[in-house]
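Enquirer:
Numbering (the working numbering), first residue to last: 3 to 159.
1. With DSSP run on the structure shown, which of helix, strand or coil describes residue 66?
2. Report yes or no: do the region 60-72 and the region 18-35 share at least 3 C-beta pairs separated by less than 8 Å?
3. Quick check on DSSP: helix, strand or coil for residue 3?
4. Tell me whether residue 21, by its Cβ, gets closer than 7 Å to a heavy atom of the ligand PLP.
5. Using 8 Å as the Cβ pair cut-off and three pairs as the minimum, do the region 134-142 and the region 112-123 touch?
6. Using three-state DSSP, classify residue 135 as helix, strand or coil.
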């Protein structure tokens, strides 16, 4: 028999939130919800309001950029346990690329308006969350750089 794990516990046990106290986790979990996306369904599209960030519970989501006259270019695939979506913390709060489920995916979404309000009200919590997102942003930048090098064949003989 499979036991259903509560959303609060799932979030608290995730490595992204490691080291955060119970009170902080309760505030963050209050902004969370479960979502489901079928293969091929977009989680978000470039240019749309970035009103959430996501934690992949199960599945795979491709982060893609659109290129005129070409198919979309996959920057990175986010799999079980990955956190995606940092545009919610950077004005003007618009997605910088597309995110598309490549198979059935179950995600935990975190409402940006709810969370930004809590982070503004509690600077220590804000710092703790922003510090974690710096790692996410750096990882995306690294993947984008590697994809660009591969796309243009730089370094190939």
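The beta carbon of each residue, even a glycine, is placed where N, CA and C say it ideally should be.
Expert: Walking through what the data contain:
1. Looking up residue 66 in the chain shown gives position 64. In the structure shown, residue 66 sits in a strand (DSSP, three-state: E or B).
2. Touching, no.
3. By one-based count along the chain shown, residue 3 stands at place 1. Reliability fails at residue 3, whose pLDDT of 36 lies under 50, so the model's placement of it is uncertain and the value that follows must be treated cautiously. Looking at residue 3 - three-state DSSP - the assignment turns out to be coil, as it is neither helix nor strand.
4. This structure lacks the ligand PLP, and indeed carries no ligand of any kind.
5. No, the region 134-142 does not touch the region 112-123.
6. The residue labelled residue 135 in the question sits at position 133 within the chain shown. When secondary structure is reduced to three states using DSSP, residue 135 falls in the helix class.
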